[in-house]
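A.B. asks: Position one of the sequence shown corresponds to residue -7 (the working numbering), numbered consecutively onward. For every residue, glycine included, the Cβ atom is placed at its ideal position computed from N, Cα and C. My questions all concern the structure below.
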Amino acid sequence: MRTQPTLLALIMALFIPLACDAQLTPLETSQHFWRAIEQRDMATLKLYVMSPGTLSDEPQKLAVSDITFGKIVIDGDAATVETMLTIQDDTAFRTQLETQLQKTEGAWKVDYDRTINKLAQMDSKEKMLGNIKELGKILSDSIDSSVQELHKQWPELKRQLEELEEKTKAKLPELEQKLDEIRKKIEEGFKNQEEKPEGLSI
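Structural data, given as C-alpha cells:
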C-alpha cells in the first residue's frame, strides 16, 4: 500500500518542473539562462536552451555580471529579450544584445548559438574600439609630451634664432656692397659696348 504513494510522488517530482518550465515567460527563461551562465552552472543551463546536447564547455569560459533586462518582443513562437550585461575580460565593459528565444514543445527556450554568437561579435567590436581608444590616448599623450618638450627647448631655440638674425644683419652690408660692385661692372660693360666705333663699310 505504501508503494503507490511513493511512486506517485516520484512521478510528480519529474513532471512538476517540466510543467513549471512550460509556464515560464521569455523574460523568466532569459533570467534563468543568464543566471546559469553567470554562475557557470552547466546542468541548469541545459534546462533553458533549445539544443542542450550541442553545448560545449564554452559557457564556462564566459565571465559575465550585472545582468539586466529591457524590452521584450514576442512574435508567434519567437521572442527576443533586450539584455544588458558586463563582460569581464582583460578589461570589463558594458554591452547590450538580444537574447533569442524559440517556443519548443510549449516551452520557451533560448537559442544559444544565435545569442552567444552575437555576444562574441560584440566582444570583438568592443575590443577593437578599446584598442582604437587606447591608440588615441597614446597619440594624445605623445603629442602632449612633444608640446611640453618644445616648451622646454623654446628658450634655446629662440636664442639660436636671434643669433642667426644678428649674423644675417651683420652680413647685409657686405652683401649689399658685393651686389653694388656687380651692378657697376654690368653698367660699365654696357657703356664700353656703346662707345666702340662702328666698323667701316667698303
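Short of 8 Å in beta carbon distance, which residues of its chain neighbour I29, apart from the five on each side in sequence? Order them along the chain.
C.D. replies: By 1-based counting over the sequence shown, the position of residue 29 is 37. L37, P51, L54 and V56, listed in sequence order.
A.B. asks: Could you tell me the distance, in whole angstroms, from the CA atom of I59 to the CA atom of K150?
C.D. replies: Position 67 of the sequence shown, counted from the start, is the residue given in the question as residue 59. Position 158 of the sequence shown, counted from the start, is the residue given in the question as residue 150. C-alpha separation (whole angstroms): 60 Å.
A.B. asks: Please give me, in chain order, every unbroken run of the beta strand (DSSP E) with length at least 3 that falls completely inside the segment 26 to 109.
C.D. replies: 56 to 67, 70 to 79, 85 to 96 and 99 to 102
A.B. asks: So, for S22: in the same chain, excluding its five sequence neighbours on each side, which residues have a beta-carbon less than 8 Å away from its beta-carbon?
C.D. replies: Position 30 of the sequence shown holds residue 22. Same-chain partners within the cutoff: F61, V73, T75, T91, L93 and V102.
A.B. asks: Where does I178 land, buried or exposed, given buried means 16+ other C-beta within 10 angstroms?
C.D. replies: Reading the sequence shown from its first residue, position 186 is the one you call residue 178. Counting every other CB atom within 10 Å of its CB across the protein chains shown gives I178 a total below 16, marking it as exposed.
A.B. asks: Taking all protein chains shown into account, decide if L10 is buried (16 or more other Cβ within 10 angstroms of its Cβ) or exposed.
C.D. replies: Here the question's residue 10 lines up with position 18 in the sequence shown. Note that L10 scores a pLDDT of 47, beneath 50, so its modelled location is shaky; the value from the coordinates is reported in the next line. Burial check for L10: the Cβ neighbour count within 10 Å stays below 16, so the residue is exposed.
A.B. asks: To the nearest angstrom, report how far apart G98 and K110 are at their CA atoms.
C.D. replies: In the sequence shown, counting from the first residue as 1, residue 98 sits at position 106. In the sequence shown, counting from the first residue as 1, residue 110 sits at position 118. Approximately 25 Å, taken between the alpha carbons.
A.B. asks: Could you tell me the alpha carbon to alpha carbon distance between L196 and T107, rounded to whole angstroms?
C.D. replies: Past the edges of the chain, shown from -7 to 194, lies residue 196, and the structure says nothing about it.
A.B. asks: DSSP state of T21, grouped into three classes?
C.D. replies: Numbered from its first residue, the sequence shown carries residue 21 at position 29. Helix, per DSSP.
A.B. asks: Just the Cα atoms here: how many angstroms apart are W100 and H24?
C.D. replies: What you label residue 100 is simply residue 108 of the sequence shown in a count that begins at 1. What you label residue 24 is simply residue 32 of the sequence shown in a count that begins at 1. Spanning the two alpha carbons is a distance of roughly 11 Å.
A.B. asks: Give me the residue from T17, R32, A35 and E168 with the minimum Cα distance to V65.
C.D. replies: Looking up residue 65 in the sequence shown gives position 73. That would be T17, whose Cα lies nearest to the Cα of V65.
A.B. asks: Report the rounded CA-to-CA distance for M34 versus E20, giving the unit in angstroms.
C.D. replies: One-based indexing of the sequence shown puts residue 34 at position 42. One-based indexing of the sequence shown puts residue 20 at position 28. Going from the Cα of M34 to the Cα of E20 covers about 18 Å.
A.B. asks: Can you tell me the Cα-Cα spacing of G68 and T78, whole angstroms?
C.D. replies: Within the sequence shown, residue 68 is the residue found at index 76, counting from 1. Within the sequence shown, residue 78 is the residue found at index 86, counting from 1. Distance between the alpha carbons of G68 and T78: 30 Å.
A.B. asks: Thinking C-beta only, is L47 closer than 8 Å to Y104?
C.D. replies: Here residue 104 refers to the residue found at position 112 when the sequence shown is read from its first residue. Here residue 47 refers to the residue found at position 55 when the sequence shown is read from its first residue. Going by C-beta atoms, Y104 is nearer than 8 Å to L47.
A.B. asks: Taking 8 Å as the cut-off, decide whether the C-beta atoms of M42 and T83 are in contact.
C.D. replies: Stepping through the sequence shown from its first residue, residue 42 is reached at position 50. Stepping through the sequence shown from its first residue, residue 83 is reached at position 91. A distance of 8 Å or more separates the beta carbons of M42 and T83.
A.B. asks: Does DSSP put L171 in a helix, in a strand, or in coil?
C.D. replies: Sequence index remark: in the sequence shown, residue 171 carries index 179 (1-based). Helix.
A.B. asks: In the structure shown, what three-state DSSP assignment does L16 receive?
C.D. replies: For the purposes of this step, residue 16 is taken as the residue at position 24 of the sequence shown. Note: L16 maps to coil in three-state DSSP.
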